[in-house]
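Engineer: In my numbering, the protein residues as written are 14 to 265.
(1) If contacts are defined as beta-carbon pairs under 8 Å, then residue 33 and residue 58 qualify, I think. What distance do you get, rounded to the angstrom?
(2) Taking C-beta to C-beta, are residue 209 and residue 221 nearer than 8 Å?
(3) State yes or no: is the C-beta of residue 122 within less than 8 Å of the C-beta of residue 199?
(4) Can the beta-carbon of residue 227 be found closer than 8 Å to that of residue 249?
(5) Starting from residue 248, trace the beta strand (DSSP E) both ways and give me its first and last residue.
(6) For residue 155, is the classification buried or exposed, using 16 other Cβ atoms within 10 angstroms of its Cβ as the cut-off for buried?
(7) Taking Cβ positions, are residue 56 and residue 68 nearer each other than 8 Å?
(8) For residue 139, which beta-bridge partners are listed by DSSP?
(9) Which of the three DSSP states, helix, strand or coil, is assigned to residue 267?
(10) With three or more C-beta pairs closer than 8 Å as the rule, is the stretch 23-32 touching the stretch 138-147?
(11) If you drop the 5 nearest sequence neighbours on each side, which residues of the same chain put their C-beta closer than 8 Å to that of residue 251?
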């Protein structure tokens, strides 16, 4: 628990994070909620087309304002006392406002904003006002992402996988391919893991490069394209029979 709290304060609260994809907030009124315990964050597109990020916390008693994951709304109503906020974060309505004998400083009671930016079709947020800009944070990674044009891709499904392990175990696993030959032997007829390389950059960024559409360079070269490549070739409009006796030409 102590390590988790330290990681929250020293990593997640200071780092640019991918909150979601831009296609989920394309239209005015679109929103989604990004949860990173203990924080909950609203990403919204206001009526004027501007993108916003707010802590999902009512400024009256700290209740969660939105309990739904995504949708399209012009206003958000806190379920606790009915305070209403516009989708640009401004406080719009307070029930029985005259009961607050000293009045309410409305301009100060909007949803609390945090930093937001977009890159490569993704929405990024940062809770630290002193952190470097998103582009400074990503540095050389931007040029590595651009050729894949993720902004032109379409998300068709969200999946959540819960694992009984520390998050760093997953990070370490995907930071190298040293393990693949031993625990994923089925990949030897589609990837060449022994020649893969891993690169490490500032801010914890990692890149792993591996040759695909080939076979493990430690194996004999088969005469026919392995079945593990058939579906991918079909997607690209390639006929596997055209590569009889020259399997390594598939990659070329």
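All C-beta atoms in this analysis are idealised placements derived from N, C-alpha and C, irrespective of residue type, glycine included.
Structural biologist: Taking the structure as given:
(1) Going by Cβ atoms, the distance from residue 33 to residue 58 rounds to 12 Å, so no, they are not a contact pair.
(2) yes
(3) no
(4) no
(5) Per DSSP, residue 248 belongs to no beta strand (DSSP E); it is in the alpha helix (DSSP H), 243-248.
(6) exposed
(7) no
(8) 128
(9) Absent from the model: residue 267. The displayed extent of the chain is 14 to 265, so no value can be given.
(10) yes
(11) 263
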